[in-house]
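The sequence shown begins at 187 in my numbering and counts up by one.
In this text, a Cβ means the ideal position worked out from N, Cα and C, and glycines have one as well.
If you're wondering where the values come from, they're calculated on a predicted model, not measured in any experiment.
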Amino acid sequence: MAGNSRQAGASVTSRALAILSAFDEQHRAMSLSQIATRADLPLATTHRLLGELFRWGALERLPSGDYVIGRKIWDIGHLAPAETGLRQVAEPFLHDLYGATLATVHLAVREGTEVVYLDRLRGNQSVPVVSKVGGRLPLHATGVGKVLLAHAPEEVQEAVLSSLPRITPYTITQPGVLRRQLRQVLDRGYATTREEMSLGACSIAVPIHRRDEVIASLGLVVATLKGSEQRLYGALRVAAESIGRRL
187 MAGNSRQAGA
197 SVTSRALAIL
207 SAFDEQHRAM
217 SLSQIATRAD
227 LPLATTHRLL
237 GELFRWGALE
247 RLPSGDYVIG
257 RKIWDIGHLA
267 PAETGLRQVA
277 EPFLHDLYGA
287 TLATVHLAVR
297 EGTEVVYLDR
307 LRGNQSVPVV
317 SKVGGRLPLH
327 ATGVGKVLLA
337 HAPEEVQEAV
347 LSSLPRITPY
357 TITQPGVLRR
367 QLRQVLDRGY
377 ATTREEMSLG
387 ACSIAVPIHR
397 RDEVIASLGL
407 VVATLKGSEQ
417 RLYGALRVAA
427 ESIGRRL
């Protein structure tokens with residue numbers, strides 16, 4: 187369950203928040219009954235609150251009748267100080283990176299054991315890209331994720347290493363191999379993936395520092411890194427350092 191809203195005395199606000207919290211990466215679109223189950227609410231209560239949230243713009247309805255998170259929630263999320271400042275500072279450099287590489291550009295942060303994408307510029311190459319702005323992906327299978335994991339606290343690393351699901355035939359699922367890769371990230375300053383998140387897509391990413399702290403990662407997704415790894419790393423490093431100086 188996504189919440190414990192049947193507890194006596196639960197306020198209208200807490201019930202509405204339980205409904206919103208029922209949505210996650212695996213539950214982007216849900217029916218009334220699914221939401222009621224995940225929010226631990228009676229159907230009648232869920233139906234009433236869904237109507238109010240829909241009218242306000244917190245939720246939207248698909249032609250199928252399922253509910254999804256509304257644009258208004260996303261717009262409000264963009265007002266969060268840390269994300270807003272980072273995205274605003276990084277934006278011109280993301281465009282510079284795209285102009286220099288014509289690759290898909292990612293700006294991402296870590297939340298728990300996942301990578302969250304704050305911004306994305308889609309490249310002009312026919313490379314499969316599964317990321318979405320505001321979406322989450324595993325740390326161990328993405329370039330930006332590996333960078334953030336390499337700089338994460340030990341308890342976060344251990345939590346990720348304890349479960350490494352295979353997404354493609356090339357996903358790193360051996361803890362020892364991933365540990366070595368994380369050490370390499372710290373040594374050389376960047377991370378790479380080769381078809382580990384989606385077939386036909388490789389990535390390279392670097393950290394963004396604010397003083398002595400790594401607060402985000404900047405990455406590129408391309409069809410191949412052969413012959414271009416150092417050039418792409420150089421472009422990323424310059425952009426990341428420029429962003430860091432302005433934070």
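If you compare alpha carbons, which of the options is closest to residue i?
i: V295; options: A409, A421, G405, T410; result: G405
i: A289; options: V400, I429, I390; result: I390
i: T357; options: M383, I429, A425, T378; result: M383
i: A336; options: P249, V301, R352; result: V301
i: D210; options: D261, A244, G243, I255; result: I255
i: R431; options: V346, G362, G386, R397; result: R397
i: Q416; options: E238, S207, T378; result: T378
i: I259; options: G243, D252, P355; result: G243
i: V330; options: R380, S348, Q311; result: R380
i: E297; options: P339, V424, G375; result: P339
i: Q311; options: C388, V346, E246, A230; result: C388
i: A425; options: G237, E341, G362, A276; result: A276
i: T199; options: G362, L239, D261; result: L239
i: L433; options: A215, F279, Y303; result: F279
Less than 8 angstroms between the CB atoms is what I'm expecting for residue i and residue j, so what's the real figure, rounded?
i: R306; j: V316; result: About 11 angstroms; that fails the 8 angstroms criterion.
i: Q367; j: K332; result: 7 angstroms
i: G309; j: V371; result: Not quite, the Cβ-Cβ distance comes to about 23 angstroms (not below 8 angstroms), so this is no contact.
i: T299; j: A345; result: 5 angstroms
i: V392; j: R423; result: 6 angstroms
Please list, in chain order, all residues of the same chain as residue i whose beta carbon is under 7 angstroms from its beta carbon, the five residues on each side excluded.
i: A402; result: L272, L293, A294, V295, I394
i: E399; result: none
Determine the direct distance from the alpha carbon of residue j to that of residue i, and round the result to whole angstroms.
i: P228; j: A222; result: 6 angstroms
i: D282; j: R241; result: 40 angstroms
i: P249; j: E427; result: 45 angstroms
i: R322; j: Q274; result: 20 angstroms
i: A225; j: A204; result: 5 angstroms
i: Q360; j: L350; result: 7 angstroms
i: S217; j: P314; result: 29 angstroms
i: L347; j: R365; result: 8 angstroms
i: E246; j: Y253; result: 6 angstroms
i: G251; j: G237; result: 12 angstroms
i: E341; j: P324; result: 16 angstroms
i: G375; j: I429; result: 16 angstroms
i: L304; j: G420; result: 22 angstroms
i: L334; j: Q343; result: 10 angstroms
i: S414; j: G362; result: 27 angstroms
i: D261; j: S197; result: 25 angstroms
Suppose the cutoff is 6 angstroms on Cβ atoms and the five residues either side in sequence are ignored; what does the same chain contact list for residue i look like?
i: A327; result: I353, T357, E382, M383
i: Y284; result: V291, L307
i: A202; result: L235
i: A208; result: A188, I221, R224, A225
i: L385; result: T354
i: D373; result: none
i: R192; result: Its pLDDT being 48, under 50, R192 is placed unreliably in this model, and the value from its coordinates should be taken loosely. The residues are D226.
For residue i, I'd like the list of residues in its chain whose CB is within less than 8 angstroms of its CB, leaving aside the five on either flank, ordered along the chain.
i: L418; result: T287, A289, I390, L406, V408, L411
i: T232; result: I205, L218, I221, A222, A225
i: H213; result: Q220, R224
i: R257; result: G243, E246
i: A215; result: L248, S250, D252, Y253, V254
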